[in-house]
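For the sequence shown, this note's numbering gives the first residue as 14, with consecutive numbering after it.
The beta-carbon is built from N, C-alpha and C at its ideal position, and this holds for glycine as well.
To start, the structure under review is shown below, and the notes come after it.
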Amino acid sequence: MVARTGESVTVAGSVVAVVLAAGRSSRSGAQHKLLARDADGQTMLARTLAGLCASQVSALCVVLPPLARETSAALQAIVQKSCSGKPTEIRISNAADEGLSASLKVGIAWAMEQQAAGCIVSLGDMPLVGSLVIDALVSRFRQGDADVVLPEWLGQVGNPVLWKAGCFEALQTLTGDRGGKVLLAQPSLRKARVAADPSVLMDFDTPDALLEFAHMRAAGNI
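Pasting the structure below:
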């Protein structure tokens with residue numbers, strides 16, 4: 014919904030967030046990356062959720078792997094503990110092995126059920142993204158002239174990305190291990206960028222990255 018205030022145009026309606034956390038974490042070695050702990054003992058998934066829970070998004074959906082996987086129960090427990098202050102739903106991606114797009118479809122289907130005006134797609138292995146970045150995306154989206162809002166640092170686009178509801182159907186058509194950025198090449202898509210910080214370029218999905226994460230303190234990214 015678009016509302017006009019004086020001569021300005023703003024996007025009304027809710028902005029929700031989807032956290033993609035259903036991957037096998039195959040690059041991170043023996044330990045599942047989202048269960049890795051920082052120097053304060055906080056898990057990676059908990060830190061990712063903390064920034065979103067402290068932000069302006071109205072609700073969250075965390076997409077997790079099939080229940081048969083041994084890590085699924087542990088991840089669910091983290092979600093339930095971390096998101097007590099924000100409406101949160103867990104959805105299972107039973108086709109998670111088909112790639113990122115399968116989990117994305119699950120999350121976008123949930124956003125469509127919420128009749129959201131926009132949806133932030135966040136990656137579970139980007140725990141340094143704080144609420145200031147999330148809120149900057151939402152504020153830019155509210156201006157009403159963009160289909161997608163992307164964070165950038167020193168000219169490089171990162172994650173998470175905020176998609177307008179009009180893009181949801183296109184996101185549902187993706188296949189394989191491709192995220193929504195494959196759609197960004199479409200010339201008709203109105204794109205806006207928001208100046209952010211290095212966190213939007215930092216994921217932790219290798220043994221070396223997890224070692225770095227283990228020495229980080231939680232304070233400062235919320």
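Counting other Cβ atoms within 10 Å of its Cβ, R203 stays below 16 and is therefore classed as exposed. Excluding sequence positions up to five before and after C132, its CB lies within less than 8 angstroms of the CB of V28, V29, A30, V31, G120, I121, A124, L175, W176, A178, F181, all in the same chain and listed in chain order. Excluding sequence positions up to five before and after G112, its CB lies within less than 6 angstroms of the CB of G189, D190, all in the same chain and listed in chain order. Note on H228: under 16 other CB atoms within 10 angstroms of its CB, so exposed under the neighbour-count rule. Ranked by Cα distance from L163, the options V213, A109, G143, A129 are led by V213.
Taken through DSSP and simplified to helix, strand or coil, P164 comes out as strand. For V151, same chain residues with a beta-carbon under 6 angstroms away, outside a window of 5 residues either side, are V28, Q69 in chain order. In its chain, beyond the 5 residues on either side, L77, P79, L80 have a beta carbon closer than 7 angstroms to the beta carbon of I105.
In terms of Cα proximity to L167, the closest of V24, Q199, D210, A34 is D210. Apart from the 5 residues on each side of it in sequence, L88 sits with its Cβ closer than 7 angstroms to the Cβ of A34, L47, L58, L77 in its chain, given in chain order. Boundaries for G131: no alpha helix (DSSP H) harbours it, while the beta strand (DSSP E) harbouring it runs 131-136, taken from the DSSP string.
With contacts defined by Cβ atoms closer than 8 angstroms, A72 and K94 do not form a contacting pair. Apart from sequence neighbours up to five positions away, the residues of its chain that approach T84 with a beta-carbon distance below 6 angstroms are H45, ordered along the chain. Taken through DSSP and simplified to helix, strand or coil, L33 comes out as strand. By the C-beta density criterion, A49 is buried, having at least 16 other C-beta atoms within 10 angstroms. DSSP links W176 through a beta bridge to C132, V161. Sequence-distant Cβ neighbours of V170 in its own chain, meaning closer than 6 angstroms and more than five residues away, are L163.
Boundaries for R191: no alpha helix (DSSP H) harbours it, and the DSSP string shows neither H nor E there. Under the three-state reduction of DSSP, A108 is assigned to coil, being neither helix nor strand.
I103 is bridged by DSSP to V75.
Taking C-beta separations shorter than 8 angstroms and ignoring five residues to either side along the sequence, the partners of V195 in its chain run L187, following chain order. Within the same chain, Cβ atoms closer than 6 angstroms to the Cβ of A159 are found at R203, A205, the five residues on either side in sequence being excluded.
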